[in-house]
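Protein chains in written order, with our numbering: chain H, 654 to 878; chain W, -9 to 211.
We put the beta carbon where it would ideally sit given N, CA and C, even for glycine.
Below, the structure is given as structure tokens:
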């Protein structure tokens, strides 16, 4: 199979997933509602001024992480529930399926962030002192969360008790991403120099690369088992 | 069972000798004296470092058997992988506890969220999640496949956490890095240190062999 054909089938999986998601909006609605309601609850109960900048950074990533936990496992669980997994196995090579699902999850998370980030700045009155660093951290962190969440979704689709197990599996795999993302976001909010976030950005980038690479190598065994 | 008796005796004697060497024979370390004000603190290294490395070794063993399972699809590899993860968790807890004692004596608090301690905590969570995953899958073959994939995924992430993160200069780890410092160890100290590594590896091999036998018998029943 040539690389371009492989890319085509990955793109087809992505298109299919986005189309299915767009029809029901089940995952997207769940993610958005969770994120927005937790933001509103915190801002309503304790007010915007009570939180330190570091706490706001941690809160932002907690919201993003758990909203990912609410919906992203659907990407594989749905295939098992509707019995479409076998058809997908015939239609596309395993790696293409994984890349397609990863991109679909990435797109879902990005959509959620388009709503959540303005709300975060609005409701919590967070003010950012280093926008390039903040946006770079958000992009890298989203990539890392999507990478870990996708392979864990494939794992959880095989297990009988889906929901609770998904967060349990994802949390340790994603903790390095979360810790680094929170540190770098806190640096961006407090206006610290780039040098302070350098280590965290390096961890974000390399860890996401490692998780994606390992997932690509392992996914075939999981998918065809 | 009787075949492991002589080995058991050797390990027992070697461990007793290690304890005498570590607490009586080796003089207090000058390095630690200048760093933390008490050379006797270095003695924890004869137990903490071997436990940490043996736990990592065990996770590697689990990953190797996981990979073997994915190739051969035999229940024996799955069993060995599961045993190795459990033992790795056990040694990881010992490493965390001895590390926390050392941290209390040097940095003043049991838990500091130093990059090393953070990595260790994440490793513990990761492999605890492995056990949750095993419990959640009913079908034995699916369970073996899923566990093998997770064992391999976490060894990749774990290697990164264990060896790479604490050495990124911007992470500012305050954990002593005695092994990496060339020629930094007193010869006597170094000899006992490597002896401790060997003893703990032997101890691990002994427990691992026994646990695999126990698991195999339990599976047959």
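Using a Cβ-Cβ cutoff of less than 7 Å, which residues in the same chain neighbour residue 172 of chain W once the five nearest sequence positions on both sides are dropped? Because the pLDDT of residue 172 of chain W is 49, which lies under 50, any placement of that residue in the model is unreliable, and the number read from its coordinates should be weighed accordingly. Cβ neighbours of residue 172 of chain W beyond the five flanking positions: none.
Quick one, are the C-beta atoms of residue 854 of chain H and residue 793 of chain H less than 8 Å apart? yes
How would you write the range of the alpha helix (DSSP H) that residue 91 of chain W sits in, first residue to last? Residues 65 to 97.
From the DSSP output, in three-state form, read off residue 672 of chain H for me. Correct three-state label for residue 672 of chain H: helix.
Residue range of the alpha helix (DSSP H) that includes residue 41 of chain W: 35 to 62
My output table needs one value for residue 172 of chain W: the three-state DSSP class, helix, strand or coil. Caution is warranted here: a pLDDT of 49 is assigned to residue 172 of chain W, below 50, making its placement in the model unreliable, and the coordinate value is therefore given only provisionally. In this structure, residue 172 of chain W counts as coil in the three-state DSSP scheme.
Cα separation between residue 863 of chain H and residue 122 of chain W? The alpha-carbon atoms of residue 863 of chain H and residue 122 of chain W are separated by roughly 23 Å.
Excluding the 5 residues preceding and the 5 following residue 858 of chain H in the sequence, name in chain order all residues of the same chain whose CB lies nearer than 8 Å to its CB. Once the five neighbours on either side are set aside, the close Cβ partners of residue 858 of chain H are 793.
Looking at the C-beta of residue 736 of chain H, does it have a partner C-beta in chain W at a distance below 8 Å? no
Among the residues of its own chain, which have a CB less than 7 Å from the CB of residue 59 of chain W, if the five just before and after it don't count? 67, 68, 71, 134, 138
Pull up the distance between the alpha-carbon of residue 196 of chain W and that of residue -4 of chain W, whole angstroms please. 11 Å
What would DSSP say about residue 690 of chain H, mapped onto helix, strand or coil? Looking at residue 690 of chain H - three-state DSSP - the assignment turns out to be helix.
Give a yes or no on whether the minimum CB-CB distance between residue 754 of chain H and chain W is below 8 Å. no
Straight-line Cα distance separating residue 145 of chain W from residue 155 of chain W: Going by the C-alpha atoms only, they are around 14 Å apart.
What's the call for residue 13 of chain W, buried or exposed, on a 16-neighbour Cβ count within 10 Å? exposed
By DSSP, does residue 853 of chain H sit in helix, in strand, or in coil? helix
Just verifying my parser: in three-state terms, what is the DSSP assignment at residue 862 of chain H? helix
Taking the alpha-carbon positions, what's the residue 670 of chain H to residue 38 of chain W distance? 49 Å
Buried or exposed: residue 107 of chain W, going by 16 or more other Cβ atoms within 10 Å of its Cβ? buried
Between H:861, H:827, H:849, which has its C-alpha nearest residue 837 of chain H's C-alpha? Nearest C-alpha to residue 837 of chain H among H:861, H:827, H:849: H:849.
Partner residues on chain H for residue 135 of chain W, Cβ-Cβ distance less than 8 Å: Per Cβ cutoff of 8 Å: 811, 874, 875, 878.
Residue 53 of chain W versus chain H: which residues are under 9 Å apart at the beta carbon? Per Cβ cutoff of 9 Å: no residues; residue 53 of chain W is ~11 Å from chain H at best.
Which stretch, first to last residue, makes up the alpha helix (DSSP H) that contains residue 742 of chain H? 738 to 744
Alpha-carbon spacing of residue 786 of chain H relative to residue 841 of chain H, whole angstroms: Rounded to the nearest angstrom, the two C-alpha atoms are 6 Å apart.
Applying the criterion that 16 or more other CB atoms from any shown protein chain within 10 Å of the CB defines a buried residue, is residue 713 of chain H buried or exposed? Its Cβ being crowded by 16 or more others within 10 Å, residue 713 of chain H is buried.
Roughly how far, in whole angstroms, is the beta-carbon of residue 143 of chain W from the beta-carbon of residue 804 of chain H, given that I think they are within contact range, below 8 Å? 6 Å
Where residue 19 of chain W falls: helix, strand or coil (DSSP): Under the three-state reduction of DSSP output, residue 19 of chain W falls in the coil class, being neither helix nor strand.
Does the Cβ-Cβ distance between residue 48 of chain W and residue 74 of chain W come in under 8 Å? yes
Selection of the region 110 to 131 of chain W by Cβ proximity to chain H, strictly under 7 Å: 112, 115, 116, 119, 122, 123, 126, 127, 128
Find out if the Cβ-Cβ distance for the pair residue 825 of chain H, residue 53 of chain W is shorter than 8 Å. no
Check whether the Cβ atoms of residue 136 of chain W and residue 741 of chain H sit closer than 8 Å, and answer yes or no. No.
Assuming residue 692 of chain H contacts residue 751 of chain H under a Cβ cut-off of 8 Å, what Cβ separation, rounded to an integer in Å, is found between them? Going by Cβ atoms, the distance from residue 692 of chain H to residue 751 of chain H rounds to 31 Å, so no, they are not a contact pair.
With H, G and I counted as helix, E and B as strand and the rest as coil, what does DSSP make of residue 797 of chain H? helix
Quick check on DSSP: helix, strand or coil for residue 203 of chain W? helix
Is residue 13 of chain W close to chain H, meaning its C-beta is less than 8 Å from at least one C-beta of that chain? no
Contact defined as beta carbons within less than 8 Å: I believe residue 765 of chain H pairs with residue 684 of chain H. What is the distance between those atoms, to the nearest angstrom? 5 Å
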